[in-house]
Amino acid sequence: MEPRARLHQATFEQLVEPLLERAGAYARALVGNRTDAEDAVQDALLKGYRNLARYDNSRAFKGWWFSILRNCCLDLIRRRKVQGKIFGWTQTRRPVTSDPDVGQTQELLVRLGQLTPLQREILELRYFGDCSYHDIAESLRIPEGTVMSRLHAARQALAEVYRKEEK
Amino acid sequence: MTPFDPAELSGLLDGELSLERAEEMRHLLTSDPTLHEQYERLVRLNAVWKSDSSRLVFRPQVSLTGGLMAHRLIIACLVLSIVLIRLTLKLVPQPIEIGVALVLFAFLLGWGLRLVLRETEEDCHWLVERSASGTT
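Those sequence lines, one after another, are chains A and B.
1 is the number of the first residue of the first sequence in the working numbering; add one for each residue after it.
168 is the number of the first residue of the second sequence in the working numbering; add one for each residue after it.
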């Protein structure tokens, strides 16, 4: 490998390294289990590195890379749907029993499932991805003010889900 | 004081408001018990979700070098397979050679089309999100 390419790779790895744990949680919330989440993060790592030339330095790196990760997770879910049609699986979020926190994961996913896609999307980025408003705005390509109002609406909807559960 | 937007309660909770606005909001919270109660509910929900979502945190065992190597290996195997097939086809009668070459061509064309279509689909995904947020 030429020295320049090695430098690019090292820089990219340095940027991604502190984001990996939250990327794991975010992918896990989207795809529903740890094994597939790991595959999605690996895929996003490669895609991010290959598209590094397209990254604009003035934008939030975390938001940019998380949007790639999100697409990788959606691709994985789409592939699973196709496999499901071929092999007769019915679930799109297929939990794996080796996942030690599968119980808690399912509880969270069930609550998230009661929200609209827009509300779910923003909560996933905020809580699982631990993204700031700036990162979320970059990832979803929306203004930061919209992030705040959409996140607030999502929290209200989530509170309503808890209220319904308590009844 | 600028007009109050309920979404700013979330902004205050997440520490995303300017210092000046955050101060104004805190002042508003002390003077309005209903609003304070609303904010407290938000704080409790936030704490529950922060702790619940942190249970999913794990360190994925991923490697950029390994991934790049695997990708290069797949491409090398693909190229080698095509060369081997071409060489093997020299040994069989011409009609079979043409037939296999056509199948290979169709496979490569399908693969290329799939890549292009997937790219378009991703573009559409962004468009849908943008139009939903009213930024297009």
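All residues carry an ideal CB built from backbone N, CA and C; glycine is no exception.
Keep in mind that this is a model prediction, so the values were computed, not measured.
On the criterion of 16 or more Cβ atoms from any shown chain inside 10 Å, does tryptophan 278(B) qualify as buried, or is it exposed?
Answer is exposed; the Cβ neighbour count stays below 16.
Within the same chain, show all residues whose beta-carbon is closer than 8 angstroms to that of histidine 134(A), passing over the 5 residues directly before and after it, in chain order.
Closer than 8 angstroms at the Cβ level, and outside the excluded window around histidine 134(A), lie Ala60, Gly63, Glu144.
If you scan the stretch 178-245 of chain B from start to end, which runs of the alpha helix (DSSP H) of 4 or more residues do you find wholly inside it?
The stretch 178-245 of chain B contains these whole alpha helix (DSSP H) runs: 186-198, 200-221.
Would glycine 24(A) count as contacting chain B if we go by Cβ distances under 8 angstroms?
Yes, contact with chain B.
Going by other Cβ atoms of all chains shown within 10 Å of its Cβ, with 16 needed for buried, is methionine 148(A) buried or exposed?
So methionine 148(A) ends up on the buried side.
Could you tell me whether any Cβ in chain A is nearer than 8 angstroms to the Cβ of arginine 226(B)?
Chain A, which has a Cβ nearer than 8 angstroms to the Cβ of arginine 226(B), makes this yes.
The alpha helix (DSSP H) with aspartate 172(B) in it runs from where to where?
Unbroken run through aspartate 172(B): none, as it is neither H nor E.
When the Cβ atoms of the stretch 239-259 of chain B are set against those of the stretch 44-57 of chain A, are three or more pairs found closer than 8 angstroms?
Short answer: they don't touch.
Using a Cβ-Cβ distance under 8 angstroms, would tryptophan 278(B) count as near chain A?
Output row for tryptophan 278(B): interface = no.
Less than 8 angstroms between CB atoms is the rule here; does serine 218(B) satisfy it with respect to chain A?
With 8 angstroms as the cut-off, serine 218(B) does not count as an interface residue toward chain A.
Take lysine 47(A) as the anchor and find which of Leu235(B), Val224(B), Phe225(B) has the nearest alpha-carbon.
Here the closest residue by C-alpha is Leu235(B).
Taking Cβ positions only, does valine 270(B) come closer than 8 angstroms to chain A?
So, not an interface residue.
Cα separation between isoleucine 68(A) and alanine 44(A)?
The alpha-carbon atoms of isoleucine 68(A) and alanine 44(A) are separated by roughly 6 angstroms.
Leucine 196(B) CB to nearest chain A CB: under 8 angstroms?
Leucine 196(B) does not count as touching chain A.
What do you get for isoleucine 122(A), buried or exposed, if any count of 16 or more other CB atoms within 10 angstroms of its CB means buried?
Isoleucine 122(A) should be labelled buried.
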